[in-house]
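J.: Heads up, the sequence shown is in the working numbering, so the first residue is 165 and it goes up one at a time. Quick reminder that beta carbons are idealized off the backbone N, C-alpha and C, glycines included. Pasting a structure below so you can have a look.
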Amino acid sequence: MLNQKERAILEELQLNPYISQQSLSEKIGLSRSATANLISQLVNKGYILGKAYVLNDEKTIICIGGANVDHKLVLKDDLQLYTSNPISSVTTIGGVVRNVAENLGRLDQNVTLLSLVGNDMNGKSILNYCKDFISVHEVEIIEGATTGSYSAILNNEGDLILGIADMDITSQMTDRWLQRHRQALASAKLLVVDTNVEQSAIQYLLDYSNDEKRDLVIIGVSAPKVKVVPPIIEGTCITIFNKDESQAYFKTTEEDTQKLVQMWLDKGVKYAIVTDGKNGVSYGTSKYIKHMEAIPINHVVDATGAGDSFCAGVIYGYTSQQSFEESVLLGQLNASQTIQSSHSVRDDLTRLLLDTEKEQYHAK
Numbered sequence: 165m166l167n168q169k170e171r172a173i174l175e176e177l178q179l180n181p182y183i184s185q186q187s188l189s190e191k192i193g194l195s196r197s198a199t200a201n202l203i204s205q206l207v208n209k210g211y212i213l214g215k216a217y218v219l220n221d222e223k224t225i226i227c228i229g230g231a232n233v234d235h236k237l238v239l240k241d242d243l244q245l246y247t248s249n250p251i252s253s254v255t256t257i258g259g260v261v262r263n264v265a266e267n268l269g270r271l272d273q274n275v276t277l278l279s280l281v282g283n284d285m286n287g288k289s290i291l292n293y294c295k296d297f298i299s300v301h302e303v304e305i306i307e308g309a310t311t312g313s314y315s316a317i318l319n320n321e322g323d324l325i326l327g328i329a330d331m332d333i334t335s336q337m338t339d340r341w342l343q344r345h346r347q348a349l350a351s352a353k354l355l356v357v358d359t360n361v362e363q364s365a366i367q368y369l370l371d372y373s374n375d376e377k378r379d380l381v382i383i384g385v386s387a388p389k390v391k392v393v394p395p396i397i398e399g400t401c402i403t404i405f406n407k408d409e410s411q412a413y414f415k416t417t418e419e420d421t422q423k424l425v426q427m428w429l430d431k432g433v434k435y436a437i438v439t440d441g442k443n444g445v446s447y448g449t450s451k452y453i454k455h456m457e458a459i460p461i462n463h464v465v466d467a468t469g470a471g472d473s474f475c476a477g478v479i480y481g482y483t484s485q486q487s488f489e490e491s492v493l494l495g496q497l498n499a500s501q502t503i504q505s506s507h508s509v510r511d512d513l514t515r516l517l518l519d520t521e522k523e524q525y526h527a528k
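What follows is the structure, given as structure tokens:
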């Protein structure tokens, strides 16, 4: 039994078996990633032989790392230890690199998620939710493993008080895991990895990106997890870490984020970014180091996902061949809007909206 969109795809392919995935997605009114998922289903059902239906005319952004379920617990009053605290709660789909991938998918980028989930309800929820925005064909389902989960306790102003994570499944995100997906990596124009993976995986991507001339973006998850970043990262295209993560990596108490940017650049990174929440962001290349103030916002609803939205804005700007400064601004704008939303990835995000927000910012 075919649904309406599947029938529409078959009709278009009968007219033009060599139609590009971009053109096909525009004709049926879906994102490229959602179209790719439907085509795969049609192949599996036997409606498409998989020969000429789509030309491989566009490489993808591959996002590698954690995909999990987020539980947000918002305190109604000040936290009191050793007793029960009244809260309101919400459960959403999360994971740093998964959030980045969804942002990019909503920005009309061709995105593939490379991650691990368990054969459980949370894993199924992640796959079902993601398929409308990104390709999930490279997500492995691991029998006997538990899908990752993250629980955040927020104060009534939306700031994080405590975050706890059950991410044991990420211990299987190793170099051997990536070797199984080498064919997928070959289709990438950009590789994005978070620090939920094992160090061997990041080392594999460093070697692969240098050997195969692929751009690699490394983004932080937390200060404790920065230890998986190898000591030698020369050739990395972009690093995005916050101040705490940078201090942990370099084992320093340096507070000046511009000096921390220089430390990343000294490692051979092409573009380095160090974020510092309300204090803005520092960024630089071998030619300059600059600071951009945080964008003023009216009210913080939930800070969860803001950093991921920032990373996605930067990556979107970079892949759109915008300047580094404009890319950082796109990240700031996306993050500032996400903070004012109850969602880890704002549900109104589109390419047109973010570009318009940038134009309005410059017009002020």
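Using a Cβ-Cβ cut-off of 6 Å (strictly less than) and excluding sequence neighbours within five positions of Ile-257, which residues of its own chain qualify?
T.: Result list for Ile-257: Ile-290, Tyr-293, in chain order.
J.: Cα separation between Arg-510 and Gly-308?
T.: Using only the alpha carbons, I get a separation of about 33 Å.
J.: First and last residue of the beta strand (DSSP E) that includes His-235?
T.: Start and end: 232-239.
J.: Should the stretch 317-336 be called in touch with the stretch 231-240, which here means at least 3 C-beta pairs below 8 Å?
T.: With a cut-off of 8 Å, the stretch 231-240 and the stretch 317-336 count as touching, because enough Cβ pairs lie within range.
J.: Evaluate Arg-262 with the Cβ neighbour count: other Cβ atoms within 10 Å of its Cβ, from every protein chain shown; 16 or more gives buried, anything less gives exposed.
T.: That one is buried.
J.: Give the DSSP bridge partners of Asn-406, in chain order.
T.: Beta-bridge pairing links Asn-406 to Thr-439.
J.: Would you report the Cα separation of Ser-491 and Ser-248, rounded to the nearest angstrom?
T.: Cα to Cα, Ser-491 sits roughly 44 Å from Ser-248.
J.: Tell me the DSSP secondary structure of Ser-313 in three-state form.
T.: Residue state, collapsed to three classes: strand.
J.: To which residues of the same chain is Ala-172 closer than 6 Å at the C-beta, ignoring the five residues directly before and after it?
T.: So the qualifying residues of the chain are Ile-192.
J.: Expressed to the nearest angstrom, what Euclidean distance is found between the alpha-carbon atoms of Cys-401 and Gly-448?
T.: Using only the alpha carbons, I get a separation of about 12 Å.
J.: Taking Cβ positions, are Gly-312 and Asn-267 nearer each other than 9 Å?
T.: Cβ distance not < 9 Å, so Gly-312 and Asn-267 don't count as in contact.
J.: Just to confirm before moving on: does the CB-CB distance between Glu-304 and Leu-280 stay below 9 Å?
T.: Result yes, Cβ atoms of Glu-304 and Leu-280 sit closer than 9 Å.
J.: Which residues share a DSSP beta bridge with Lys-454?
T.: For Lys-454, which the question treats as bridged, DSSP gives the partners Tyr-447.
J.: Would you check if there are 3 or more beta carbon pairs closer than 8 Å linking the stretch 451-460 to the stretch 400-417?
T.: Because the criterion of three Cβ pairs below 8 Å is not met, the stretch 451-460 and the stretch 400-417 do not touch.
J.: Would you report the Cα separation of Tyr-368 and His-345, rounded to the nearest angstrom?
T.: Taking the straight line joining both Cα atoms gives about 12 Å.
J.: Give the secondary structure of Asp-519 by DSSP, where H, G and I count as helix, E and B as strand, and everything else as coil.
T.: Of the three classes helix, strand and coil, the one that applies to Asp-519 here is helix, per DSSP.
J.: Here's the rule: buried if 16 or more other CB atoms are within 10 angstroms of the residue's CB, otherwise exposed. What is Arg-340?
T.: Its Cβ having fewer than 16 others within 10 Å, Arg-340 is exposed.
J.: Please state whether the Cβ-Cβ distance between Ile-382 and Ile-366 is less than 9 Å.
T.: Yes, Cβ-Cβ distance for Ile-382 and Ile-366 is below 9 Å.
J.: Could you tell me the boundaries of the alpha helix (DSSP H) in which Cys-401 lies?
T.: Run containing Cys-401: none; DSSP gives neither H nor E here.
J.: Shortest alpha-carbon distance to Val-161 belongs to which of Gln-347, His-235, Gln-363?
T.: A question about residue 161 goes unanswered here, because the residues of the chain that appear run from 165 up to 528.
J.: Nearest-angstrom Cα distance between Gln-178 and Glu-170?
T.: Roughly 12 Å separates the two Cα atoms.
J.: For the beta strand (DSSP E) containing Glu-304, list its first residue and its last residue.
T.: Unbroken beta strand (DSSP E) run through Glu-304: 304-306.
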